[in-house]
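Undergrad: If you scroll down you'll find the structure; I have some questions about it.
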Amino acid sequence: MKTIQLDNARPMLGLNRSLLFWILITGAAAVSGYAIGKRQVAPSSPASAALGAAGNDPLLVATPTVSVMSAHAPADMTGASGKMGFLRRVVLDFDPRRQPPDEYNQLVMMGKQDGAFRQDIIKQFEQATDPQVKARLATLLTHVGTGDIDGYAEKLMSSTDAAKRADGFRIMTNLDKARVSSDVRRQLIGALEKEGDATALQALIVGMNPGEVRPPQEVAAVVSRLNELSQHPSASVRAAAVSSMARWGAGERAESVIVHAMNDSNPEVTTAAIYASTQAGIRTPAMKSALFELAAQSDSPIDFRRVAASALGSYNLGPDEFNRLLQLRKDLGAKDM
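With the numbering used here, you'll find the sequence shown wraps up at 337, consecutive numbering, no jumps.
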């Protein structure tokens with residue numbers, strides 16, 4: 001039986017900062033841009049589930065695997081107006097309290113089977129101004145995943161409009177073609193080298209995935225570029241690059257980048273570094289020292305300091321360090337850490 005796995009997604013870095021800190025305190029992470037598609041998220045990365053719980057949006061978060069064998073549009077959905085009404089109800093006017101889970105899969109199957117309806121979805125995607133709605137429609141296009149959507153993503157990626165390139169990166173990086181086509185992978189790596197717009201670059205960094213079988217030279221090229229981008233003028237790009245270093249298994253290079261990012265003047269970057277250190281499983285004395293220093297900074301926001309103190313809970317601490325952490329937690333009022 002064929003199934004569709006609706007995957008985890010990452011929200012925009014423009015997320016309210018206090019919510020961002022709360023998410024990280026509870027074991028989640030701030031990850032740049034909205035992410036879409038079928039990518040499997042490693043068990044060691046708890047970010048998206050907590051983000052989804054906070055955002056209460058099942059189309060952007062982990063959803064159970066469900067069968068599409070019986071996912072057919074109802075009889076009254078055969079006309080164009082009926083299909084658009086169904087799309088609007090399920091995606092555009094989404095109410096998570098009322099939507100049966102099978103309805104999304106019905107939309108996916110309708111998109112796969114009806115070219116005119118796919119074009120309607122694309123039109124709605126292009127006209128969407130609400131970031132959440134746009135993300136849902138992008139997710140839908142990714143799961144439909146037909147050849148004309150591949151072509152649409154490629155067209156967006158080559159646009160002179162940076163916002164369209166960002167949309168193209170968000171879609172293409174999550175399509176099967178990005179995993180099976182060496183030409184597309186090389187195209188994405190080339191874009192990583194040349195893209196000059198911060199928003200488009202952030203979307204590309206977040207979307208690119210190491211995958212299960214990627215040639216070592218491709219991994220090396222991406223890691224090298226992420227290392228450079230960790231010094232980018234845009235804080236959102238720096239945060240995305242730091243977060244991605246751990247995902248790409250950058251080893252010692254990732255450690256040096258993450259430690260450096262912990263001293264970044266932008267809290268978004270520092271928060272991303274804390275999460276990346278946890279995701280990468282880096283538990284070195286230098287990392288521990290940096291986290292203690294961050295947690296003790298009296299001039300930093302208390303929520304930010306709690307993030308650092310929370311991360312220290314995963315380290316092996318000596319008696320003095322343990323007592324120091326207990327005192328920090330008491331000072332920060334972090335009873336639930």
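The beta-carbon is built from N, C-alpha and C at its ideal position, and this holds for glycine as well.
Helix, strand or coil for Lys330 per DSSP?
TA: helix
Undergrad: Can you round the beta-carbon distance between Ala342 and Val269 to whole angstroms, since I take them to be within the 8 Å contact cut?
TA: What the structure shows of the chain is the stretch from 1 to 337, and residue 342 is not part of that stretch, so it cannot be assessed.
Undergrad: Should Glu218 and Arg185 be called a contact, given that it needs their Cβ atoms to be closer than 8 Å?
TA: yes
Undergrad: Candidates Thr160, Ala200, Gly196, Glu193: which alpha carbon is nearest Met172's?
TA: Ala200
Undergrad: Taking the alpha-carbon positions, what's the Arg214 to Val222 distance?
TA: 11 Å
Undergrad: Look at Met345 and Ala254 and say whether their C-beta atoms are less than 8 Å apart.
TA: Nothing about residue 345 can be reported from this structure: the residues present for the chain run from 1 to 337 only.
Undergrad: What separation, rounded to the nearest whole angstrom, lies between the Cα atoms of Gly190 and Ser181?
TA: 14 Å
Undergrad: When we look at the beta-carbon of Ser265 and count the other beta-carbons within 10 Å, is it buried (16 or more) or exposed?
TA: Classification of Ser265: exposed, given that the 10 Å Cβ count is below 16.
Undergrad: Output yes or no for whether 8 Å exceeds the beta carbon distance between Ile205 and Ser244.
TA: yes
Undergrad: For Gly313 and Gly196, what's the separation of their Cα atoms in angstroms?
TA: 39 Å
Undergrad: What residue range is occupied by the uninterrupted alpha helix (DSSP H) comprising Glu103?
TA: 102-113
Undergrad: Should Gln113 be labelled buried (16 or more other beta-carbon atoms within 10 Å of its own) or exposed?
TA: Result: exposed.
Undergrad: Mapping the DSSP letters down to three states, classify Ala53 as helix, strand or coil.
TA: At Ala53, the pLDDT of 29 sits below 50, so the modelled position is not reliable and the matter cannot be decided from this model.
Undergrad: For Ile374 and Asp167, I'd like the C-alpha separation in whole angstroms.
TA: As displayed, the chain neither begins before 1 nor continues past 337, which places residue 374 out of reach and without an answer.
Undergrad: Mind checking Gly207: buried by the 16 CB within 10 Å criterion, or exposed?
TA: buried
Undergrad: Counting only the same chain and skipping the five closest in sequence on each side, list residues whose C-beta sits under 7 Å from that of Arg89.
TA: none
Undergrad: Quick check: the Cα distance between Leu294 and Arg165, rounded to an integer number of angstroms?
TA: 37 Å
Undergrad: Arg238 and Ala203: beta carbons closer than 8 Å?
TA: No, the Cβ-Cβ distance between Arg238 and Ala203 is not below 8 Å.
Undergrad: For Thr278, count neighbouring C-beta atoms within 10 Å of its own C-beta (all shown protein chains included) and say buried if the count is 16 or more, exposed if not.
TA: buried
Undergrad: Can you give the Cα-Cα distance for Gly55 and Gln132, rounded to whole angstroms?
TA: Caution is warranted here: a pLDDT of 37 is assigned to Gly55, below 50, making its placement in the model unreliable, and no coordinate value can be reported.
Undergrad: What would DSSP say about Asn227, mapped onto helix, strand or coil?
TA: helix
Undergrad: Suppose the cutoff is 8 Å on Cβ atoms and the five residues either side in sequence are ignored; what does the same chain contact list for Ile258 look like?
TA: Val242, Met245, Ala246, Ala273, Ala276, Ser277, Ala280, Ile282, Met287
Undergrad: Please report how far the alpha carbon of Arg136 lies from the alpha carbon of Asn174, in whole angstroms.
TA: 14 Å
Undergrad: I need the DSSP call for Leu195, collapsed to helix, strand or coil.
TA: It should be noted that the sequence gives Glu, not Leu, for residue 195. Three-state DSSP puts Glu195 in coil, outside helix and strand.
Undergrad: How many Å lie between Arg118 and Thr129 at the Cα?
TA: A straight line joining the alpha-carbon of Arg118 with that of Thr129 spans about 19 Å.
Undergrad: In this structure, how does DSSP classify His143 when only helix, strand and coil are distinguished?
TA: helix
Undergrad: At 4 residues or longer, what runs of the alpha helix (DSSP H) sit wholly inside the stretch 291-319?
TA: Counting whole runs of 4 or more residues, the stretch 291-319 contains the alpha helix (DSSP H) stretches 302-312.
Undergrad: Among Gly115, Met84, Thr142, Asp161, whose alpha-carbon lies nearest the alpha-carbon of Ala178?
TA: Thr142
Undergrad: Give every residue of the same chain whose Cβ lies closer than 8 Å to the Cβ of Ser159, excluding the five residues on either side of it in the sequence, and list them in chain order.
TA: Arg165, Gly168
Undergrad: Return the CA-CA distance between Ala138 and Met157, expressed in angstroms with no decimal places.
TA: 14 Å
Undergrad: Thinking just about the alpha-carbon of each residue, which of Gly115, Ala162, Gln187, Asp161 is nearest to the one in Gly147?
TA: Gly115
Undergrad: Tell me which residues share the same chain as Asn323 and place their Cβ nearer than 6 Å to its Cβ, disregarding the 5 neighbours each side in the sequence.
TA: Counting only Cβ-Cβ distances below 6 Å, and skipping sequence neighbours, we find nothing.
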